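Protein chains in written order, with full-length UniProt numbering: chain Y, 1 to 213; chain V, 1 to 213.
So the structure is just underneath, and the comments pick up after that.
2 protein chains.
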Amino acid sequence: MARTGRPREFDRDKALDAALTLFWTQGYEPTSLNQLKACMGNISPASFYAAFGSKEALFREVVQRYVETYGQVMAPLWDETLPPRDAIEQTLRRSARMQTTRSHPTGCLIVLGASNCSPENQPVQTLLAAERKRSRKGFQACVTRAVEQGELPDTPLTEALPTLFSTFLHGMACEARDGDRPKKLDAAITTLMQVWDSLAVHPKGMSAALKLS
Amino acid sequence: MARTGRPREFDRDKALDAALTLFWTQGYEPTSLNQLKACMGNISPASFYAAFGSKEALFREVVQRYVETYGQVMAPLWDETLPPRDAIEQTLRRSARMQTTRSHPTGCLIVLGASNCSPENQPVQTLLAAERKRSRKGFQACVTRAVEQGELPDTPLTEALPTLFSTFLHGMACEARDGDRPKKLDAAITTLMQVWDSLAVHPKGMSAALKLS
DNA sequence: CCAGTTCCGGACCGCTTAGTATAGAAAATT
DNA sequence: AATTTTCTATACTAAGCGGTCCGGAACTGG
Numbered sequence: 001m002a003r004t005g006r007p008r009e010f011d012r013d014k015a016l017d018a019a020l021t022l023f024w025t026q027g028y029e030p031t032s033l034n035q036l037k038a039c040m041g042n043i044s045p046a047s048f049y050a051a052f053g054s055k056e057a058l059f060r061e062v063v064q065r066y067v068e069t070y071g072q073v074m075a076p077l078w079d080e081t082l083p084p085r086d087a088i089e090q091t092l093r094r095s096a097r098m099q100t101t102r103s104h105p106t107g108c109l110i111v112l113g114a115s116n117c118s119p120e121n122q123p124v125q126t127l128l129a130a131e132r133k134r135s136r137k138g139f140q141a142c143v144t145r146a147v148e149q150g151e152l153p154d155t156p157l158t159e160a161l162p163t164l165f166s167t168f169l170h171g172m173a174c175e176a177r178d179g180d181r182p183k184k185l186d187a188a189i190t191t192l193m194q195v196w197d198s199l200a201v202h203p204k205g206m207s208a209a210l211k212l213s
Numbered sequence: 001m002a003r004t005g006r007p008r009e010f011d012r013d014k015a016l017d018a019a020l021t022l023f024w025t026q027g028y029e030p031t032s033l034n035q036l037k038a039c040m041g042n043i044s045p046a047s048f049y050a051a052f053g054s055k056e057a058l059f060r061e062v063v064q065r066y067v068e069t070y071g072q073v074m075a076p077l078w079d080e081t082l083p084p085r086d087a088i089e090q091t092l093r094r095s096a097r098m099q100t101t102r103s104h105p106t107g108c109l110i111v112l113g114a115s116n117c118s119p120e121n122q123p124v125q126t127l128l129a130a131e132r133k134r135s136r137k138g139f140q141a142c143v144t145r146a147v148e149q150g151e152l153p154d155t156p157l158t159e160a161l162p163t164l165f166s167t168f169l170h171g172m173a174c175e176a177r178d179g180d181r182p183k184k185l186d187a188a189i190t191t192l193m194q195v196w197d198s199l200a201v202h203p204k205g206m207s208a209a210l211k212l213s
């Protein structure tokens with residue numbers, strides 16, 4: 001069932017990666033078709049539209065690829081075999097490292113990819129907003145699990161934790177873009193996790209003692 | 001020393017406010033001169049350039065105005081008569097309320113105003129980055145003051161506080177833009193401030209007792 | 001070898017962009 | 001009345017935008 005006809009001269013995957021890097025650096029709107037075509041190997045508009053459909057369709061593919069690769073730093077959030085606290089801490093630390101790694105653009109495509117958009121490109125904004133919503137639900141799920149497991153008390157302070165974590169996560173995109181180093185963000189995460197420990201029902205290593213008293 | 005000649009027919013201040021709102025909503029690049037001229041009272045290109053010089057010059061004026069008005073929610077950060085903890089908490093709460101108020105665009109112009117920019121507009125990005133740096137220094141100053149006053153211990157956990165707060169602050173712009181309500185952010189701030197209290201040398205109301213022991 | 005299929009390079013589309021130039025009229029001060 | 005300034009309105013530039021179309025080239029299956 002091999003495809004007939006003249007084969008494509010460029011590597012579609014490599015072109016997609018190049019587009020990913022460009023979109024990640026500049027965001028959706030400021031990235032022009034000319035820049036895209038150039039970075040994807042000087043392909044012609046005909047090739048571009050045949051292979052990707054449109055600028056928006058390409059961006060959607062790019063976002064999907066981002067989620068499946070770099071975005072996997074968020075995976076612990078959905079790993080129910082992990083203790084909730086570890087899931088959140090790992091997610092934050094992996095995000096911090098990923099977003100500050102210099103071998104690719106800094107910051108987060110999901111947060112920064114379409115933050116400046118004219119009304120006509122609202123679908124693109126909506127796409128990223130949905131992705132951000134997903135991550136908020138992840139934090140929510142972890143905290144809910146921690147409450148169910150009796151690790152956190154069911155109080156207003158605890159209820160606010162998901163918002164606190166997701167706000168911090170999204171804020172890292174800004175800090176990373178502004179040049180913060182991973183160590184700095186890592187230290188902030190360490191301090192942030194203090195709040196979990198101060199709310200926890202079982203302070204470290206004392207759970208048995210507390211339960212028996 | 002009154003100026004001679006025909007007076008300007010539109011209100012420069014009102015036009016500036018209209019431009020502020022538009023830039024705040026859409027960001028720098030997606031906002032076109034046509035949109036600007038329209039929202040500023042259907043002024044002609046000649047009037048526009050005579051009054052404001054260029055799109056970038058207008059944006060710089062807009063940013064300055066923003067800092068002097070809405071941006072004043074950050075003022076507590078520089079108010080040395082305030083206890084450092086209060087200064088930070090007030091700044092965060094006032095920011096949260098301001099950024100979620102529906103009578104004007106949501107989020108923060110300084111964080112979101114030029115987050116998607118082509119390389120040619122880097123000066124605009126740099127302008128906002130400098131403003132963000134200022135706020136980071138504000139958090140830094142408060143924490144340093146708290147350490148000097150003996151309220152916080154001089155530990156790595158404390159050192160990371162400024163990064164933690166500024167990351168959270170900048171993250172609020174994203175959450176506000178995504179529709180979070182002020183109460184939700186306020187609750188997150190309450191929880192975040194827990195970390196300060198858990199680090200503090202003098203737990204509430206016990207300072208005297210602790211010092212004497 | 002040829003028909004069918006697919007891709008490529010380049011010309012081209014209509015539209016928008018930021019910004020300039022021109023004109024004459026209107027409103028203020030001196 | 002003369003001068004100065006901004007006004008409206010229009011026309012214009014040069015470039016860039018996302019996207020389309022066509023003729024020819026390159027490949028495969030029959």
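Positions of the beta carbon are idealized from the N, C-alpha and C atoms, including for glycine.
This structure is a prediction, so every number in the text was calculated from the model and none was measured.
Other residues of its chain near Pro-45 (chain V): CB distance less than 8 Å, five sequence neighbours each side excluded: The residue given as residue 45 (chain V) occupies position 45 in the second sequence. Closer than 8 Å at Cβ, skipping near neighbours: Leu-33, Lys-37.
Could you tell me the alpha carbon to alpha carbon distance between Arg-97 (chain Y) and Arg-145 (chain Y), rounded to whole angstroms? Position 97 of the first sequence, counted from the first residue, corresponds to residue 97 (chain Y). Position 145 of the first sequence, counted from the first residue, corresponds to residue 145 (chain Y). Rounded to the nearest whole angstrom, the CA to CA distance from Arg-97 (chain Y) to Arg-145 (chain Y) is 26 Å.
Find out if the Cβ-Cβ distance for the pair Arg-8 (chain V), Ala-51 (chain V) is shorter than 8 Å. Taking the second sequence and counting its residues from 1, the one referred to as residue 8 (chain V) is at position 8. Taking the second sequence and counting its residues from 1, the one referred to as residue 51 (chain V) is at position 51. Arg-8 (chain V) is a Cβ neighbour of Ala-51 (chain V), given a cutoff of 8 Å.
Residue interval of the alpha helix (DSSP H) (run including Leu-164 (chain V)): Here residue 164 (chain V) refers to the residue found at position 164 of the second sequence. Bounds of the alpha helix (DSSP H) holding Leu-164 (chain V) are 161–177.
Terminal residues of the alpha helix (DSSP H) in which Ala-187 (chain V) lies: Start at 1 with the first residue of the second sequence, and residue 187 (chain V) comes out as number 187. Unbroken alpha helix (DSSP H) run through Ala-187 (chain V): 182–199.
Comparing alpha-carbon positions, which option in Y:Pro-105, Y:Leu-185, Y:Asp-11, Y:Tyr-28 lies nearest Asn-116 (chain V)? Residue numbering aside, residue 116 (chain V) sits at position 116 when the second sequence is read from its first letter. Distance check between Asn-116 (chain V) and each of Y:Pro-105, Y:Leu-185, Y:Asp-11, Y:Tyr-28 places Y:Tyr-28 closest, using alpha-carbon atoms only.
Between the beta-carbon of Tyr-66 (chain Y) and the beta-carbon of Leu-112 (chain Y), is there less than 8 Å? Here residue 66 (chain Y) corresponds to residue number 66 of the first sequence, with the count starting at 1. Here residue 112 (chain Y) corresponds to residue number 112 of the first sequence, with the count starting at 1. No.
Straight-line gap, Ala-209 (chain V) to His-104 (chain Y) (C-alpha atoms, nearest Å): If you number the second sequence from 1, residue 209 (chain V) lands on position 209. If you number the first sequence from 1, residue 104 (chain Y) lands on position 104. Reliability of the predicted coordinates at Ala-209 (chain V) is poor, the pLDDT of 39 falling under 50, and the value obtained from them is presented with this limitation in mind. As the crow flies, the alpha-carbon of Ala-209 (chain V) is around 53 Å from that of His-104 (chain Y).
Whole angstroms are fine: how far does the CA of Gly-53 (chain V) sit from the CA of Cys-39 (chain V)? Translated into positions along the second sequence, residue 39 (chain V) becomes position 39. Translated into positions along the second sequence, residue 53 (chain V) becomes position 53. Cα-Cα distance, rounded: 17 Å.
Within 8 Å (strictly less), CB to CB, does Thr-190 (chain V) reach chain Y? Locating residue 190 (chain V) in the second sequence gives position 190, where the first residue counts as 1. So yes, Thr-190 (chain V) belongs to the interface.
Beta strand (DSSP E) segments (min. 3 residues) lying fully within the region 66–102 of chain V: Runs of the beta strand (DSSP E) inside the region 66–102 of chain V: none found.
Within-8 Å CB hit, His-104 (chain V) to chain Y: Here residue 104 (chain V) corresponds to residue number 104 of the second sequence, with the count starting at 1. Answer no: the Cβ-Cβ gap between His-104 (chain V) and chain Y never drops below 8 Å.
Check whether chain Y comes within 8 Å of Asp-178 (chain V), counting only Cβ atoms and requiring the distance to be less than that. Residue numbering aside, residue 178 (chain V) sits at position 178 when the second sequence is read from its first letter. Closer than 8 Å: yes.
Please report whether the beta-carbon of residue 217 (chain V) lies at a distance below 8 Å from any beta-carbon of chain Y. Given that chain V is displayed from residue 1 to residue 213, the structure contains no residue 217 (chain V) and the question cannot be resolved.
Just to confirm my understanding: we take Asp-79 (chain Y), look at its own chain, exclude 5 residues before and 5 after, and list those with CB closer than 7 Å. What are they? The residue you call residue 79 (chain Y) lines up with position 79 of the first sequence. The answer, listed in chain order, is Ala-87.
Given that a residue counts as buried once 16 or more other Cβ atoms are within 10 Å of its Cβ, and exposed if not, what is Thr-25 (chain Y)? Sequence index remark: in the first sequence, residue 25 (chain Y) carries index 25 (1-based). Counting Cβ neighbours within 10 Å, Thr-25 (chain Y) comes out buried, since at least 16 surround it.
Taking three-plus beta-carbon pairs below 8 Å as touching, is the region 164–182 of chain V in contact with the region 172–189 of chain Y? Three or more pairs of CB atoms, one per stretch, sit closer than 8 Å, so the region 164–182 of chain V contacts the region 172–189 of chain Y.
Figure out for me which residue from Y:Val-201, Y:Arg-177, Y:Gln-194, Y:Ser-166 has the closest Cα to the Cα of Pro-153 (chain Y). Taking the first sequence and counting its residues from 1, one reaches residue 153 (chain Y) at position 153. Ranking the options by Cα distance to Pro-153 (chain Y), first place goes to Y:Val-201.
Counting Cβ pairs, one atom from each stretch, are 3 or more of them under 8 Å apart for the region 117–133 of chain V and the region 149–166 of chain Y? Contact between the region 117–133 of chain V and the region 149–166 of chain Y is absent: fewer than three C-beta pairs spanning the two stretches fall below 8 Å.
Distance between beta carbons of Arg-177 (chain V) and Gly-107 (chain V), contact taken as under 8 Å: Walking along the second sequence from the start, residue 107 (chain V) turns up at place 107. Walking along the second sequence from the start, residue 177 (chain V) turns up at place 177. 4 Å between Cβ atoms; contact.
Shorter than 8 Å from the beta carbon of Arg-145 (chain Y) to some beta carbon of chain V? Here residue 145 (chain Y) corresponds to residue number 145 of the first sequence, with the count starting at 1. No, Arg-145 (chain Y) does not count as interfacial toward chain V.
Buried or exposed, going by whether 16 or more other CB atoms sit within 10 Å of the CB of Asp-180 (chain V)? In the second sequence, the residue the question calls residue 180 (chain V) occupies position 180. Burial call: buried.
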